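Just add 1249 to wherever you are in the sequence shown, counting from 1, and you've got the numbering used here.
We put the beta carbon where it would ideally sit given N, CA and C, even for glycine.
These figures come from a predicted structure and were not determined experimentally.
Single-structure report; data block below.
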Amino acid sequence: MITIPEDSPDKPYKARQGSRWVTFVRIGSTSREATREQEQRLYQTSGIFRYDIKPVPGSSLKDLDMNRLINYFRDIREQDCPEQEETEQWMGRKNE
1250 MITIPEDSPD KPYKARQGSR WVTFVRIGST SREATREQEQ RLYQTSGIFR
1300 YDIKPVPGSS LKDLDMNRLI NYFRDIREQD CPEQEETEQW MGRKNE
């Protein structure tokens, strides 16, 4: 048995099962293969997979609430941001 601490950077744990890699979850005294949703949550919790940087297919800048976006950069990230109407600057913005 392999024990991985709850806050380990090695989570989620994958093991080879035949020709594929499988993610396991521990429930009580048994381990079983994680569902797709459980695996996604494990990655998100570990910080390996971040939904906030994953693009949403078919979306555009017009789909965003610009006031909330400006507040997020200004108040949460404490970063300068382009004015609301400066679309080209928003489109060229990288995750800083």
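Compute the beta-carbon to beta-carbon distance between residue 1261 and residue 1295, rounded to the nearest angstrom, for a pair I have assumed lies under 8 Å.
Residue 1261 to residue 1295, Cβ: 7 Å. Contact.
Going straight from the alpha carbon of residue 1369 to that of residue 1303, what length do you get?
Summary: the structure shown does not reach residue 1369, with the chain confined to residues 1250 through 1345, and so no result is reported for it.
Per DSSP, which residues does residue 1270 bridge with? Please list them.
Per DSSP, 1265.
How is the beta strand (DSSP E) around residue 1282 delimited, first residue to last?
Going by DSSP, residue 1282 is part of the beta strand (DSSP E) stretching over 1279–1282.
Residue 1327 versus residue 1278: straight-line alpha-carbon distance, rounded
Cα-Cα distance, rounded: 45 Å.
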